[in-house]
Amino acid sequence: MNAPLSAPLVQAKDFKSDYKPVWCPGCGDYSVLLAIQKALASLDLRPENVAIVSGIGCSSRLPAYTSCYGFHGVHGRALPAATGLKVARPELTVLVASGDGDGYSIGGNHFLHACRRNVDLTYIVMDNHVYGMTKGQPSPTTEPDWTSKLAPAGTGVREFHPLVIALASGANFVARAFSGDPNGCAALIADAVRHPGFSFVEVLSPCVTFRPDQRGWKDLVHPAPVAPTDDPARAARRIMTDDGFNIGILYRGNRAPYHGAAKAATHAAAELEADFRIEETA
Amino acid sequence: MSSTQELSKDTAYADFMARAYAMELEANERYTQFADQLAMHNNVEVAMLFRKLADIEALHAKRILAEMRWSALPAMPVPYAWDGEAPETAPFESVHYLMQPYHALEIALRNELRAEQYFERIARSDAPPSVRAAAAEMAAEEREHVELVRAWMKRVPQPSAGWDDDPDPPRIVE
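Which chain is which? The protein sequence lines are A and B, in order.
Add 212 to the 1-based position in the first sequence for our numbering, that's all there is to it.
Add 11 to the 1-based position in the second sequence for our numbering, that's all there is to it.
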């Protein structure tokens, strides 16, 4: 008998749940789900040691489709929930799944402060430049001249630049991935999880129903032509001047992660009660 | 080809078969995912077709496992690697909720053609003779599959223009 090659201990399929995704056939989010499962397996993590937190939207359905701990939270509020979880349970690997509407509009404020706090989280935003779940309204990353029945003249409003905003706000790792390459996306997510602090991975994930034009992204994406830098100003300049389709790690910083305030000394309940004791008068 | 016993000691051959097995397994998983997606969107006919394609790939994978006497997926060796996903795996974006059986078979045909090219390339490479012989055999099998899928495509109706027109579209129309 042939000497068996040793099989990996944890496999991507170990991170699958019994629930079947309801995303539209062809949606990029299927690929991101697979990439996350592959990344976690490649890191030799166990589902019980991982939590995935999300907000609302197509992409935020993701936790239910994994066997990890999951929290499908309030619209735009995935990051504060994940921050609390990571600070309280630092031994868990915490991922946050979001979309361009949930993450940059409804949760825009939380995005800035999560970058600033630099808690050890991996934030994966599936960006398709549209609100898919609510039938195709323009989102913060929609191009100003994209026209649809809901925005016949386009928004005329400049789009949000999440990668630069993340850099300016203090994110410690910034990368752009493409859902059309699940293995490449998995490798970037694994790098993001390994990197300490707040890691932000923007995944270009086409919405084939409301943005069928995004099927053409596969012909536009290309590897970032330069190595990652640890200089945020240089990274910002590169991102501001690229074509939006550079794929790879764009910034790898070295800020120390925030672990939360030092725990206060615990008191026995009887000690706390002592302050509130009502002395009986004779 | 040498006897199975001799081949089982051949590391290069085992590496090649591990790749071939992974390719079949990945194709099986992707067809299953497509079947689930189409079933979820009530496109039962295409879901069943993808399920059938998944079963066929599972049989191929099982045959390799049996030949190599492996119990599960071995670790992926470096040699005979491919770029991105395996040659017989269709991209996620290939499917559409209104697609018809003909479209599914078009996907299968492209996959079989890519698999044939992959094995052909190895059969013509400077790999060890045992690997080249096995690759040539698999390329011939894939060629057979190409012809089978082409014959299958002749038995299903070709989609008419506007096959993706939805009388009740997902987009809000004012």
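Glycine is no exception: its CB is placed at the ideal position from the N, C-alpha and C atoms.
Which residues in chain A sit within 9 Å of B/His114, going by Cβ to Cβ distance? Under the 9 Å cutoff, chain A gives no residues; its nearest Cβ is about 11 Å from B/His114.
Within 8 Å of any Cβ in chain B, is that where the Cβ of A/Lys232 sits? yes
If the cut is a Cβ gap below 7 Å, which residues of chain B does A/Asp393 touch? Gly95
Taking the runs of the beta strand (DSSP E) that are 3 residues or longer, which of them lie wholly in the segment 401-452 of chain A? 411-416
At least three beta-carbon pairs within less than 8 Å, the segment 434-442 of chain A to the segment 361-373 of chain A: no
Using DSSP bridges, identify the partner residues of A/Lys228. A/Thr278
For the beta strand (DSSP E) containing A/Ala314, name the first residue and the last one. First, the residue type needs correcting, since residue 314 of chain A is Asp and not Ala in the sequence shown. Segment: none, A/Asp314 is in no beta strand (DSSP E) and carries neither H nor E.
Residue from B/Glu40, B/Pro170, B/Glu127 and B/Pro168 whose Cα sits closest to the Cα of B/Glu148: B/Glu127
Find the residues of chain B that neighbour A/Arg427, judging by a C-beta separation of less than 7 Å, and give them in chain order. Glu104
Could you tell me if A/Leu416 is buried or exposed, where buried requires 16 or more neighbouring beta carbons within 10 angstroms of its beta carbon? buried
Is the Cβ-Cβ distance between A/Val306 and A/Gly285 less than 8 Å? no
Cβ-Cβ separation, A/Gly240 to B/Phe103 (assumed contact under 8 Å), whole Å: 7 Å
Euclidean distance between Cα positions of A/Gly348 and B/Leu109: 19 Å
A/Ala339 - partner residues in DSSP beta bridges: The residue asked about is misnamed: residue 339 of chain A is Asp in this sequence, not Ala. Paired residues: A/Leu416.
Quick one, which of B/Gly95, B/Pro180, B/Glu99 and B/Ser105 has its alpha-carbon nearest B/Leu124's? B/Glu99
Would you please state the rounded distance, in angstroms, between the beta carbons of A/Leu252 and A/Phe227? I believe it to be under 8 Å. 5 Å
Neighbourhood of A/Met213 by C-beta, 8 Å cutoff - its chain only, sequence neighbours within 5 removed: For A/Met213, the predicted structure reports a pLDDT of 39, less than 50, and the residue's modelled location is therefore unreliable. A value from the coordinates is still provided. Nothing listed; no residue qualifies.
At least one CB of chain B closer than 8 Å to the CB of A/Gly382: is that the case? no
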